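Protein chains in written order, with the working numbering: chain C, 26 to 294; chain E, 238 to 399.
To start, the structure under review is shown below, and the notes come after it.
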Amino acid sequence: MPKSTKLHQLKELLLHEDRDEIALLQDKIKSLESIIEKQEQLAYHVDPIIDKKLKQYTEDIPEKLGPTITESLKNEIANSKDAVVDALFPIIGKMIKKYIQQEFKILSEKINTQLQKSFSFKNWTRKFKSKVSGIDEENLIIQELAKTEIKEIFIIEKDSGILIANFSKTNTIDKDVLSGMLTAIKSFVEEAFKTGNDSLESIEYGLYNIHIQNFNSYYFAVVAHGVFDNAYKGKLEYELLNFAEKHLNKGSHENISIKLAEFFNNDNL
Amino acid sequence: MTTSKKIVLLGHFGVGKTSIIRKFVTNEFSSDYKVTIGVHILKKEVPVTENDSVSLIIWDLEGTENIDLINKAYLLGTHSFIYVYDITRPVTFFNLEENVIKLKEKFPKTLLKTVANKIDLIDDIKNEKYYKILQKTDYTSSAKTGENITNLFDSIANALLS
Numbered sequence: 026m027p028k029s030t031k032l033h034q035l036k037e038l039l040l041h042e043d044r045d046e047i048a049l050l051q052d053k054i055k056s057l058e059s060i061i062e063k064q065e066q067l068a069y070h071v072d073p074i075i076d077k078k079l080k081q082y083t084e085d086i087p088e089k090l091g092p093t094i095t096e097s098l099k100n101e102i103a104n105s106k107d108a109v110v111d112a113l114f115p116i117i118g119k120m121i122k123k124y125i126q127q128e129f130k131i132l133s134e135k136i137n138t139q140l141q142k143s144f145s146f147k148n149w150t151r152k153f154k155s156k157v158s159g160i161d162e163e164n165l166i167i168q169e170l171a172k173t174e175i176k177e178i179f180i181i182e183k184d185s186g187i188l189i190a191n192f193s194k195t196n197t198i199d200k201d202v203l204s205g206m207l208t209a210i211k212s213f214v215e216e217a218f219k220t221g222n223d224s225l226e227s228i229e230y231g232l233y234n235i236h237i238q239n240f241n242s243y244y245f246a247v248v249a250h251g252v253f254d255n256a257y258k259g260k261l262e263y264e265l266l267n268f269a270e271k272h273l274n275k276g277s278h279e280n281i282s283i284k285l286a287e288f289f290n291n292d293n294l
Numbered sequence: 238m239t240t241s242k243k244i245v246l247l248g249h250f251g252v253g254k255t256s257i258i259r260k261f262v263t264n265e266f267s268s269d270y271k272v273t274i275g276v277h278i279l280k281k282e283v284p285v286t287e288n289d290s291v292s293l294i295i296w297d298l299e300g301t302e303n304i305d306l307i308n309k310a311y312l313l314g315t316h317s318f319i320y321v322y323d324i325t326r327p328v329t330f331f332n333l334e335e336n337v338i339k340l341k342e343k344f345p346k347t348l349l350k351t352v353a354n355k356i357d358l359i360d361d362i363k364n365e366k367y368y369k370i371l372q373k374t375d376y377t378s379s380a381k382t383g384e385n386i387t388n389l390f391d392s393i394a395n396a397l398l399s
């Protein structure tokens, strides 16, 4: 018997069990490879569909789930008001506190600046006024800082809304269009509530106040910034009556804008 | 010297009042229809002579078929009315005569012009079916092509200044 055959027979005898195990392992590897290959093939076809559906689903979330989420939140807030307040209070409280601190800082800086101008004539006048009236100098300064300032005055024809005259410290939108719109708003309010002869007397927005003073064929619209209290309103009404008597009741409306500027640019109010 | 005059455009919904004003003031036209709510005001200065011009303060009122329903205050102090209808929709001019009479009764001194708009949408203006209504109309116009828009406002400015 040749040597190689004997070796082969010997291998057969010794490695028989190992070979079976190797064959079993090879089968398992093949089976796994096949599964992976099939999954990759499947993924190649299925992934785009899933991606598309997922994208669509994400896009539809606000529309489909939005009302439900809003409703749930509403219910949650309604059912646990105290918890919500407890959670929000520290955040909102801090924000308000910070804002007030900032505003006080600005006010304090302005007061300091005013006080530092100790040799100005205005300061001596204020000190004198404080002594005479008994009002603290600081209070007088605060009053000065919160002073109302007239930004614009319009004299407008009551029926047509056409601008007769205008005095302005700013150049904003078209004055003619603004006069027309003011008249339209005024007419709308007066007509809508049908309160007889009552007229719209003021419009407020932010720190601005539009004071409206009606006369027979025209009206004044005064845009003021700052504290618009009754005392200031009274003074303004008096000045507008004076102006109307002097310049508007004579028929001619020539050069009224110039007269208006002269009358109010001195900040007599 | 510039004189300000109030012009008010009236008519049914969707007849093209806003489009006419936009074409005249900004030379723009859009076929997108946006309904006017309440009132919208625009202005354009029209030179009449070498030294004189008229500042037209144009009030674009929301459309209504019955002028009695318009807030009276919007119409007060008007120097000229422009009553607009859509030539392609008879429903917008069936009561033209009635509304014109009402306006003339209430505002006898105010200038009034009637305008048939959207004239670009009809092929044959000489067609019999348009004859009767066009007899009662001062201007035919198209906000889309700009036909007669400037003429309309120029003639009003001239009439008001004279």
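In this text, a Cβ means the ideal position worked out from N, Cα and C, and glycines have one as well.
Note that the structure is predicted; figures quoted are calculated from it, not measured.
Cutoff 8 Å: residue i Cβ touching any chain C Cβ
{"i": "Lys346(E)", "result": "no"}
{"i": "Leu349(E)", "result": "no"}
{"i": "Tyr311(E)", "result": "yes"}
{"i": "Lys254(E)", "result": "no"}
{"i": "Ser292(E)", "result": "yes"}
{"i": "Ser241(E)", "result": "yes"}
{"i": "Leu397(E)", "result": "no"}
{"i": "Thr315(E)", "result": "yes"}
Euclidean distance between Cα positions of residue i and residue j
{"i": "Thr197(C)", "j": "Thr329(E)", "result": "39 Å"}
{"i": "Leu165(C)", "j": "Lys147(C)", "result": "12 Å"}
{"i": "Asp85(C)", "j": "Pro73(C)", "result": "18 Å"}
{"i": "Thr240(E)", "j": "Phe153(C)", "result": "52 Å"}
{"i": "Lys183(C)", "j": "Asn234(C)", "result": "20 Å"}
{"i": "Thr95(C)", "j": "Ser105(C)", "result": "15 Å"}
{"i": "Ser97(C)", "j": "Thr273(E)", "result": "38 Å"}
{"i": "Lys194(C)", "j": "Lys176(C)", "result": "5 Å"}
Where residue i sits in the DSSP three-state scheme
{"i": "Thr351(E)", "result": "strand"}
{"i": "Glu128(C)", "result": "helix"}
{"i": "Tyr320(E)", "result": "strand"}
{"i": "Ser59(C)", "result": "helix"}
{"i": "Val157(C)", "result": "helix"}
{"i": "Ser193(C)", "result": "strand"}
{"i": "Ile94(C)", "result": "helix"}
{"i": "Lys147(C)", "result": "helix"}
{"i": "Gly205(C)", "result": "helix"}
{"i": "Thr377(E)", "result": "strand"}
{"i": "Lys346(E)", "result": "coil"}
{"i": "Val245(E)", "result": "strand"}
{"i": "Lys53(C)", "result": "helix"}
{"i": "Leu313(E)", "result": "coil"}
{"i": "Val179(C)", "result": "Inspection of the sequence shows that residue 179(C) is occupied by Phe rather than by Val. Three-state result, Phe179(C): strand."}
{"i": "Glu174(C)", "result": "strand"}
Cutoff 8 Å: residue i Cβ touching any chain E Cβ
{"i": "Asp223(C)", "result": "no"}
{"i": "Asp199(C)", "result": "yes"}
{"i": "Ser212(C)", "result": "yes"}
{"i": "Leu188(C)", "result": "yes"}
{"i": "Glu216(C)", "result": "yes"}
{"i": "Glu177(C)", "result": "no"}
{"i": "Ala246(C)", "result": "no"}
{"i": "Ser185(C)", "result": "yes"}
{"i": "Gly251(C)", "result": "no"}
Bridge partners - residue i, DSSP secondary structure assignment
{"i": "Leu298(E)", "result": "Val276(E)"}
{"i": "Thr240(E)", "result": "Val291(E)"}
{"i": "Glu37(C)", "result": "DSSP, once it has assigned bridges, lists no residue as partnering Glu37(C)."}
{"i": "Lys281(E)", "result": "Leu293(E)"}
For this session: Could you name each continuous alpha helix (DSSP H) segment of 4 residues or more that falls completely within the segment 212–276 of chain C, going from the start of the chain to the end?
Result: 255–268
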